[in-house]
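As they're listed, the protein sequences go chains V and B.
Here the first sequence is numbered in my numbering, starting from 7 and rising by one per residue.
Here the second sequence is numbered in my numbering, starting from -7 and rising by one per residue.
Beneath this line is the structure, given in structure tokens, with notes to follow.
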Amino acid sequence: MAEKTKLIDLSKCTGCRGCQLACKQWNQQPASQTAQLGTYQNPPDLQSSTWTLIRFQEVADKDNVKWLFRKDGCMHCTDAACVKVCPSGALYYTEYGTVGIHHERCIGCKECITACPFDIPRYDPITDKIYKCDLCLTRIEAALEPACVKACPTGALKFGDKTDMLKLAYKRAKELGGDASVYGDKYVDGTHVLYVLPEKVSVYEKLPLKPSVPLSIIVWKDLLKPLSLLAAGGVIAGSFLHYIIHGPKLPDEDQNQKGGE
Amino acid sequence: MRKGLIQATDAFERIVHWSLAISCLILCITGLGMMFHSLNFIGTLMGGLKSLKYVHNFTGVFFAVALYFTIRMWWKEAGVFSMPEDLEWMKVAGGYVWHVDKVPEVGKYNPGQKAFFLAVAGCGVIMVVTGLIMWFPLSFPAGLVRWMFVLHALGFVTIFAFFFVHLYLGTIGSPGSLPAMLSGWVTRAWLKKQHPKWLAEMEHEGKLVVYGEEKDLTGHGHHTA
């Protein structure tokens, strides 16, 4: 199966939040009570029931104020830190290269929340499970585009084969010129969500400059995990060799007790 | 029980030891169940991996309490090296690895046992602290919690490997040792080989509890702490 990718062209986003609503509708997630916090961003952050969110940002130019919108959500990494740490296999790679989630397997350990370089998974204390975007896996399987893409009225969201989306992204970035760039394909072995960013990467809040699987996670899972078995195996082998080469440490006198109990 | 056996540990010591040992073992097994997908089935035995998580976390609390008593009880005897005799012992590896005509006599616990105690105590504390932070990861910065995973795994590497050394030397590697932690009564011959200095000291001070000898039945308490 060809790898699928969602392209987010921020130059075409008007911040209508149709995607945010469509996501809730398709995934049957409730809205939650919020308060006016002096920003149009609402809710204030991703939630266990809000898997995608338009981040609103006001950036002061010389004599202008620019309004930036960024659709945030799971980036569907090829080398996903969340999948690496998940102890139960609840987070997994789908045949489309995206990161799916088996909720029935999730044990609520929250390790993925800590590991994710994009700060995406959210924990629901009531179900004791984590939630995030699965790129509408059931829709992809039915040859439909994700709900957010379907709802987007401006064409800022596109969905298709990874190679096509990459071509489209680079073409669009070139068209825009200036500070415009493609974000996602160079990190974590390539994400399955691509951005065309009209501004410099550093301008966008909560968008990491160089996301990667954290070093600590690599040391933990790729080094210490196999080492634990290696060390224990070495000790068992060493003990056995000690027993047959050097022999046990025995008391000097003969004893009339039974066995070495 | 047999006449002439000597009491090496009291009941309190043995209860604390086995509380720590059994909880440690449960933690290792349940931890492995979460560490390797291929061992997820251990969770099935407990009614699912989520139950296993709770078994792991709450056993950890029990372990912390047992660890507290372990450290308080054995710190003086097993946590401090006494030089130079301990150094001399280490130079010949206690006669465990190659043949040594005369192994330097050390106190109740030899430097190998002290190293084991310190590793368990040190790593145990690390496991409890990192484990608690991992239990409530959202209350701490993600950058910190990530390294807690690393320390937790490092502690496991050490404890898991040391566990097998302990298992070997407590049983077939040094026959006669196991009763010290089961009934608490050991043979004089074993003590002479393993802890001659302690035996001599206890005899000198008249504190030795020998089975079948009427004197010193009051000495059932924790004699050296």
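All C-beta atoms in this analysis are idealised placements derived from N, C-alpha and C, irrespective of residue type, glycine included.
Distance between residue j and residue i (C-alpha atoms, nearest Å)
| i | j | result |
| --- | --- | --- |
| Tyr249/V | Val241/V | 12 Å |
| Ala175/V | Asp15/V | 8 Å |
| Lys264/V | Tyr99/V | Unreliable placement is indicated for Lys264/V, whose pLDDT of 48 sits below 50; the coordinate value is still reported in the next sentence. Rounded to whole angstroms, Lys264/V to Tyr99/V spans 58 Å at the Cα level. |
| Leu233/V | Phe141/B | 15 Å |
| Leu230/V | Ala145/B | 6 Å |
| Asp195/V | Thr11/V | 14 Å |
| Arg138/B | Leu(-3)/B | 51 Å |
| Phe108/B | Thr1/B | 18 Å |
| Gly71/B | Ala96/V | 43 Å |
| Glu181/V | Cys154/V | 24 Å |
| Glu101/V | Leu247/V | 47 Å |
| Leu235/V | Leu17/B | 15 Å |
| Glu104/V | Lys216/V | Looking at the sequence provided, one finds Thr at residue 104/V rather than Glu. Answer to the nearest angstrom: the Cα atoms are 20 Å apart. |
| Ser55/V | Val149/B | 38 Å |
| Ser175/B | Tyr88/B | 25 Å |
| Leu161/B | Leu124/B | 32 Å |
| His196/B | Leu19/B | 42 Å |
| Ile113/V | Thr45/V | 35 Å |
| Ala164/V | His108/V | Sequence check: residue 164/V is Lys here, not Ala. Spanning the two alpha carbons is a distance of roughly 26 Å. |
| Gly204/B | Asp258/V | 23 Å |
| Met26/B | Ala238/V | 17 Å |
| Lys173/V | Ser30/B | 40 Å |
| Val199/V | Leu13/V | 6 Å |
| Pro152/V | Arg145/V | 6 Å |
| Gly24/V | Lys72/V | 21 Å |
| Val95/B | Gly244/V | 22 Å |
| Leu221/V | Pro214/V | 15 Å |
| Gln186/B | Gln105/B | 11 Å |
| Gly21/V | Phe62/V | 8 Å |
| Cys80/V | Trp81/B | 58 Å |
| Gly106/V | Tyr137/V | 10 Å |
| Cys115/V | Thr22/B | 14 Å |
| Gln(-1)/B | Phe33/B | 42 Å |
| Gln2/V | Lys156/V | Because chain V is modelled from 7 through 267, residue 2/V falls outside the range shown and cannot be assessed. |
| Leu74/V | Val65/V | 7 Å |
| Thr216/B | Pro76/B | Low confidence applies here, because Thr216/B scores a pLDDT of 47, under 50, leaving its location unreliable; read the following figure in that light. Rounded to whole angstroms, Thr216/B to Pro76/B spans 21 Å at the Cα level. |
| Gln35/V | Ala149/V | 22 Å |
| Lys199/B | His158/B | 28 Å |
| Asp78/B | Trp67/B | 16 Å |
| Gly10/B | Val57/B | Contrary to the premise, residue 10/B reads as Trp rather than Gly in this sequence. Cα to Cα, Trp10/B sits roughly 12 Å from Val57/B. |
| Lys30/V | Ile118/B | 42 Å |
| Trp226/V | Phe28/B | 13 Å |
| Leu143/B | Thr122/B | 7 Å |
Cβ pair residue i, residue j closer than 7 Å
| i | j | result |
| --- | --- | --- |
| Phe61/B | Ser15/B | no |
| Leu59/V | Leu52/V | yes |
| Phe154/B | Ala111/B | yes |
| Trp57/V | Cys139/V | yes |
| Val120/B | Met65/B | no |
| Asn49/B | Trp177/B | no |
| Gly165/B | Pro254/V | yes |
| Cys83/V | Thr169/V | no |
| Ser94/V | Leu41/B | yes |
| Cys115/B | Gly147/B | yes |
| Arg178/V | Val202/V | yes |
| Gly168/B | Trp182/B | yes |
| Asn33/V | Thr40/V | no |
| Arg6/B | Met173/B | yes |
| Thr179/B | Leu170/B | no |
| Asp167/V | Ala8/V | yes |
| Leu44/B | Gly52/B | no |
| Thr271/V | Pro129/B | With chain V running from 7 to 267 in the structure shown, residue 271/V is simply not present. |
| Ala319/V | Ile223/V | Because chain V here runs from 7 to 267, residue 319/V falls outside it and cannot be looked at. |
| Ala113/B | Ile151/B | no |
Beta-carbon separation (whole angstroms), residue i vs residue j, contact threshold 8 Å
| i | j | result |
| --- | --- | --- |
| Pro204/V | Asp191/V | Rounded, the Cβ-Cβ distance is 17 Å, inconsistent with contact. |
| Val92/B | Val84/B | 5 Å |
| Leu12/B | Leu59/B | 6 Å |
| Val219/V | Asp85/V | 6 Å |
| Glu117/V | Val91/V | 4 Å |
| Glu69/B | Tyr101/B | 6 Å |
| Arg4/V | Tyr210/V | Outside the displayed range of chain V (7 to 267) lies residue 4/V, so it cannot be described from this structure. |
| Asp69/V | Lys212/V | With a Cβ gap of about 27 Å, Asp69/V and Lys212/V do not count as contacting. |
Taking 8 Å as the cut-off, does the segment 157 to 164 of chain V touch the segment 126 to 145 of chain V (at least 3 CB pairs, one atom from each stretch)? no
At which residue ranges does the segment 102 to 190 of chain V contain complete alpha helix (DSSP H) runs of 4 or more residues, listed in the order of the chain? 117 to 121, 143 to 147, 153 to 157 and 168 to 182
What are the start and end residues of each continuous alpha helix (DSSP H) run of 4 or more residues lying completely inside the segment 113 to 184 of chain B, in chain order? 134 to 162 and 171 to 174
Could you pull out every unbroken alpha helix (DSSP H) segment of at least 4 residues lying fully inside the segment 184 to 248 of chain V, listed in chain order? 221 to 224
3 or more residues per run - each beta strand (DSSP E) lying fully within the segment 26 to 80 of chain V: 59 to 66 and 71 to 78
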